[in-house]
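Engineer: If you scroll down you'll find the structure; I have some questions about it.
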Amino acid sequence: MVHFNLTLYNFVSISCVRTQAPRISRSWLILSQTCEFSESLTGVSVVQSSLGHSQGDAEHAVDGNRDANYGKGSCTHTKAEFNPCDLGAAQNAVDGNRQSSYALGSCSVTNGDMNPWWRVDLLDVYRVTRVSITNRGDCCEKRIEGIQIRIGNSLENNGNNNEAAIVGPIPLGNTKIFEFKHVKGRYVNLIVPGRNEYLTLCEVEVYSENAALWGKTSQSSNYLQSGPELALDGLLTSWTHTNTETNPWWRVDLLKVYRVNRVTITNRPGNGLRINGAVIRIGNFLDIYKNRICAVISTLADGATATFSCGGMEGRYMIVHIPGDQKILSLSEAGVYGYLAGNSKKCLVKT
């Protein structure tokens, strides 16, 4: 078994959808960096049952161009060390590129193993709402048929528990989306059960839902028509805005207690200094200062999105506030990601 301990792109928002105005998707793309609004983080761990190499093997590369020597130069591979130059390496399936020609280096592949598998460790537990899989486009269309998508929190039996979906036919180079309603987990595992197979994946995308979208927003004051709900409208051309005041704040009531793993904040595209110094808090109190601090936004570029780890803090409320006098708080978008806490009926103190 070959393990790759990788530093990969991100947990960040977001697949961007461009309509009449720039818009952020209502789902959070955990794995792949797919647009200019994304922000990168490190630490995602991706592994697969084995590494399938392509040198001289027509089964693995069929584009007819074998002039490049993939075994030369600085690209080496050992069981103890990941090398990003390896064709077929596990992390290729989460590089943000749906390029489906194996020889171009953006697909993962195992050897012809019995029950081959591929897995990503998201490092935190998330409510997973959608997984998309892109099939190889240059050959071997049926390899992907019968794959099981398994999502859970255990590595027992290589994480092969909690079956969420079974993959049917996916045409060459196409992407298929699988949606879930009540699935949460830290590990997303893809396995071909019961046969010897080369498991080939050209992109895997894992999405989690923004819990804030189901909540109720409020803020300390409204400047003109820039109300608190604008932070959840998905548009980068609108933003919240308070009056100039002492300790301005914005809050979303999630309506239930969540274990919050990540918060995303998108700054407005102009006059972006009005988010600098903001504090993000998670908790169950309407009194802002009784809630725990998740992060401090020291500075954030105009129009940029930043992701902050909250380490599973429990809370019904996510608050953003700027301490001090003569302050204005303005933000374009906010996201809260995690899962419902085990006991969401705990007393919520309204002081």
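Its first residue numbered 1, the sequence shown is counted upward by one per residue in full-length UniProt numbering.
Just so you know, even glycine gets a beta-carbon here, dropped at the ideal spot from N, CA and C.
Could you tell me which of Tyr198, Arg127 and Ser106 sits nearest to Ser50, measuring between CA atoms?
Structural biologist: Tyr198
Engineer: Take the Cβ of Gly56 as the centre, count every other Cβ of all protein chains shown within 10 Å, and call the residue buried at 16 or more, exposed below.
Structural biologist: With a pLDDT of 28 at Gly56, under the threshold of 50, the modelled position of that residue is not reliable, and the figure given next carries that caveat. Counting every other CB atom within 10 Å of its CB across the protein chains shown gives Gly56 a total below 16, marking it as exposed.
Engineer: In the DSSP assignment, what residue or residues form a beta bridge with Ile191?
Structural biologist: Trp117 and Gln148
Engineer: For the putative contact between Ser238 and Leu230, defined by C-beta atoms under 8 angstroms, what is the C-beta separation to the nearest angstrom?
Structural biologist: 5 angstroms
Engineer: In whole angstroms, give me the CA-to-CA distance for Lys216 and Lys256.
Structural biologist: Each residue's Cα considered, the two are about 11 angstroms apart.
Engineer: Just to confirm my understanding: we take Arg292, look at its own chain, exclude 5 residues before and 5 after, and list those with CB closer than 8 angstroms. What are they?
Structural biologist: Arg281, Ile282, Gly283, Met313 and Gly315
Engineer: Starting from Ser106, trace the beta strand (DSSP E) in both directions and tell me its first and last residue.
Structural biologist: It is not in any beta strand (DSSP E) - Ser106 carries neither H nor E in the DSSP assignment.
Engineer: Who are the Cβ neighbours of Asn276 in its own chain at under 6 angstroms, not counting the five residues just before and after it?
Structural biologist: Thr299
Engineer: With DSSP as the reference, please indicate the residues paired to Lys290 in a beta bridge.
Structural biologist: The partner list for Lys290 (beta bridge, DSSP) is empty, contrary to what the question assumes.
Engineer: Give me the Cα-Cα distance between Thr110 and Tyr289, rounded to the nearest whole angstrom.
Structural biologist: 51 angstroms
Engineer: Given that a residue counts as buried once 16 or more other Cβ atoms are within 10 Å of its Cβ, and exposed if not, what is Ile177?
Structural biologist: exposed
Engineer: For Leu172, does the count of other Cβ atoms within 10 angstroms reach 16, so buried, or fall short, so exposed?
Structural biologist: exposed
Engineer: Nearest by alpha-carbon distance to Asn135: which of Leu213, Tyr207, Leu201 and Ile151 is it?
Structural biologist: The shortest CA-to-CA distance from Asn135 to any of Leu213, Tyr207, Leu201 and Ile151 is the one to Leu201.
Engineer: By a C-beta neighbour count over all protein chains shown, 10 Å radius and 16 as the cutoff for buried, is Val296 buried or exposed?
Structural biologist: Val296 comes out exposed.
Engineer: From the DSSP secondary-structure annotation, give me the bridge partner or partners of residue 354.
Structural biologist: Limits of the chain in this structure are 1 at one end and 351 at the other, which puts residue 354 out of reach.
Engineer: From Lys72 to Arg268, what does the alpha carbon distance come to, in whole angstroms?
Structural biologist: Reliability of the predicted coordinates at Lys72 is poor, the pLDDT of 23 falling under 50, and the value obtained from them is presented with this limitation in mind. The alpha-carbon atoms of Lys72 and Arg268 are separated by roughly 47 angstroms.
Engineer: Keeping to the same chain, check which residues put their C-beta closer than 6 angstroms to that of Asp124; ignore five residues upstream and five downstream.
Structural biologist: Asn261
Engineer: Leaving out five residues on either side along the sequence, give the residues of the same chain with a beta carbon under 7 angstroms from the beta carbon of Ser218.
Structural biologist: Pro228 and Arg251
Engineer: Does the Cβ of Gly311 have 16 or more other Cβ atoms within 10 Å, making it buried, or fewer, making it exposed?
Structural biologist: It counts as exposed.
Engineer: Taking only the alpha-carbon atoms, compute the straight-line gap between Arg190 and Glu209 and give it to the nearest angstrom.
Structural biologist: The sequence shown places Leu at residue 190, not Arg. So the alpha carbons of these two residues sit roughly 21 angstroms apart.
Engineer: For Gln91, does the three-state DSSP call read helix, strand or coil?
Structural biologist: helix
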